């Protein structure tokens, strides 16, 4: 039944895109967090997804395969009066690029919307099919 | 069964449902790096439908004839840097087209069932 496979694909797409949206929201929420050492500073999370064979349905579906930390450099601020400053007077911030996160959010939410569109049309077709011959 | 009972409409119904499945896969993978958009050439399959042999799939894991030999990659308008060739706008138009075709075929099959019921009941 292919209408069901359409639903499975859309569901996997929605799960993957919502994982992206939640990573973006975590990044934006932590954009201004600060730390007293370089390793403790917040690193932006990036979600990775790819097509994986699903044993139950026999279809290649989209799955979140993990997340990586962004490799871009953390921001460093010289502020000796800060309570979290290290012995040299530096405070380490996150490496979140807010503009990049916002574009990522727009891309993910649009892709999510497209998947809901597919679900809505498939649902309508399934209902029509159930009423076949009546 | 549908090939015999409802002529070309049964076949069109199954094929449109398959096409909707393929299009939904494309839309779901619109952000997957390296994903290549696929499509089923509706017209050429329907044109050869009378002579082609079909395989019965009794389990979801069986490979259908369509998925192996007749699925085609879409020629991209402008592929992105990550190797993804899905054009979401054209996929949405294709989805609309396929759902219309499905509804149309369903209408014909439904009408055929209604006509037969009328004959059986005699009213």
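Chains as they are written, first to last, in the working numbering: chain G, 10 to 143; chain S, 3 to 125.
Each residue gets a CB set at the ideal place from its N, CA and C atoms; glycine is no exception.
Source: prediction; values computed, not measured.
Backbone CA spacing between residue i and residue j [nearest angstrom]
{"i": "residue 22 of chain S", "j": "residue 11 of chain G", "result": "7 Å"}
{"i": "residue 57 of chain G", "j": "residue 73 of chain S", "result": "27 Å"}
{"i": "residue 69 of chain G", "j": "residue 14 of chain S", "result": "24 Å"}
{"i": "residue 34 of chain S", "j": "residue 86 of chain S", "result": "7 Å"}
{"i": "residue 111 of chain G", "j": "residue 141 of chain G", "result": "46 Å"}
{"i": "residue 39 of chain G", "j": "residue 82 of chain S", "result": "30 Å"}
{"i": "residue 115 of chain G", "j": "residue 108 of chain G", "result": "11 Å"}
{"i": "residue 30 of chain S", "j": "residue 37 of chain G", "result": "25 Å"}
{"i": "residue 24 of chain G", "j": "residue 14 of chain G", "result": "15 Å"}
{"i": "residue 27 of chain S", "j": "residue 46 of chain G", "result": "45 Å"}
{"i": "residue 99 of chain G", "j": "residue 53 of chain G", "result": "20 Å"}
{"i": "residue 122 of chain S", "j": "residue 127 of chain G", "result": "38 Å"}
{"i": "residue 120 of chain S", "j": "residue 110 of chain S", "result": "15 Å"}
{"i": "residue 88 of chain G", "j": "residue 117 of chain G", "result": "37 Å"}
{"i": "residue 131 of chain G", "j": "residue 58 of chain S", "result": "24 Å"}
Neighbouring residues, chain G, relative to residue i (Cβ below 8 Å)
{"i": "residue 58 of chain S", "result": "Per Cβ cutoff of 8 Å: no residues; residue 58 of chain S is ~14 Å from chain G at best."}
{"i": "residue 97 of chain S", "result": "126, 127, 130"}
{"i": "residue 115 of chain S", "result": "141, 142"}
{"i": "residue 77 of chain S", "result": "Chain G residues near residue 77 of chain S: none, gap ~21 Å exceeds 8 Å."}
Closer than 9 Å at the beta carbon, the chain G residues around residue i
{"i": "residue 101 of chain S", "result": "130, 131, 133, 134"}
{"i": "residue 121 of chain S", "result": "The premise fails here: residue 121 of chain S is roughly 13 Å from chain G at the closest Cβ pair, so nothing lies under 9 Å."}
Within-8 Å CB hit, residue i to chain G
{"i": "residue 30 of chain S", "result": "yes"}
{"i": "residue 107 of chain S", "result": "no"}
{"i": "residue 34 of chain S", "result": "yes"}
{"i": "residue 40 of chain S", "result": "no"}
{"i": "residue 23 of chain S", "result": "yes"}
{"i": "residue 94 of chain S", "result": "yes"}
{"i": "residue 83 of chain S", "result": "no"}
Nearest neighbour of residue i, chosen from the options [CA to CA]
{"i": "residue 134 of chain G", "options": "S:108, S:48, S:120, S:88", "result": "S:108"}
{"i": "residue 49 of chain G", "options": "G:23, G:22, G:104, G:118", "result": "G:104"}
{"i": "residue 49 of chain S", "options": "S:11, S:40, S:122, S:114", "result": "S:11"}
{"i": "residue 17 of chain G", "options": "G:74, G:63, G:142, G:85", "result": "G:63"}
{"i": "residue 90 of chain S", "options": "G:110, G:76, G:47, G:123", "result": "G:123"}
{"i": "residue 46 of chain S", "options": "S:31, S:32, S:17, S:36", "result": "S:17"}
{"i": "residue 113 of chain S", "options": "G:43, G:117, G:20, G:138", "result": "G:138"}
{"i": "residue 43 of chain G", "options": "G:121, G:94, G:80, G:130", "result": "G:94"}
{"i": "residue 32 of chain G", "options": "G:22, G:78, G:21", "result": "G:78"}
{"i": "residue 86 of chain G", "options": "G:97, G:76, G:80", "result": "G:97"}
{"i": "residue 120 of chain G", "options": "S:84, S:94, S:61", "result": "S:94"}
{"i": "residue 82 of chain G", "options": "G:59, G:90, G:75, G:51", "result": "G:51"}
{"i": "residue 75 of chain S", "options": "S:25, S:9, S:8", "result": "S:25"}
Simplified DSSP assignment, three categories, for residue i
{"i": "residue 105 of chain S", "result": "helix"}
{"i": "residue 55 of chain G", "result": "strand"}
{"i": "residue 113 of chain G", "result": "helix"}
{"i": "residue 47 of chain G", "result": "coil"}
{"i": "residue 123 of chain G", "result": "helix"}
{"i": "residue 26 of chain G", "result": "helix"}
{"i": "residue 70 of chain G", "result": "strand"}
{"i": "residue 59 of chain S", "result": "coil"}
Beta-carbon neighbours of residue i, restricted to chain G and to distances below 7 Å
{"i": "residue 19 of chain S", "result": "11, 12"}
{"i": "residue 90 of chain S", "result": "123"}
Min CB distance residue i to chain S below 8 Å
{"i": "residue 127 of chain G", "result": "yes"}
{"i": "residue 138 of chain G", "result": "yes"}
{"i": "residue 141 of chain G", "result": "yes"}
{"i": "residue 67 of chain G", "result": "yes"}
{"i": "residue 114 of chain G", "result": "no"}
{"i": "residue 120 of chain G", "result": "yes"}
{"i": "residue 45 of chain G", "result": "no"}
{"i": "residue 21 of chain G", "result": "yes"}
Proximal chain S residues relative to residue i, where beta-carbon distance stays under 7 Å
{"i": "residue 124 of chain G", "result": "29, 30"}
{"i": "residue 15 of chain G", "result": "22, 23, 26"}
{"i": "residue 59 of chain G", "result": "34"}
heavy atom of the ligand MN below 7 Å from residue i C-beta
{"i": "residue 14 of chain S", "result": "Looking at this structure, you won't find the ligand MN or any other ligand, since it has none at all."}
Beta-carbon neighbours of residue i, restricted to chain S and to distances below 9 Å
{"i": "residue 62 of chain G", "result": "None at all; the shortest Cβ gap to chain S is about 10 Å."}
{"i": "residue 87 of chain G", "result": "What residue 87 of chain G touches in chain S: nothing, since even the nearest Cβ is about 37 Å away."}
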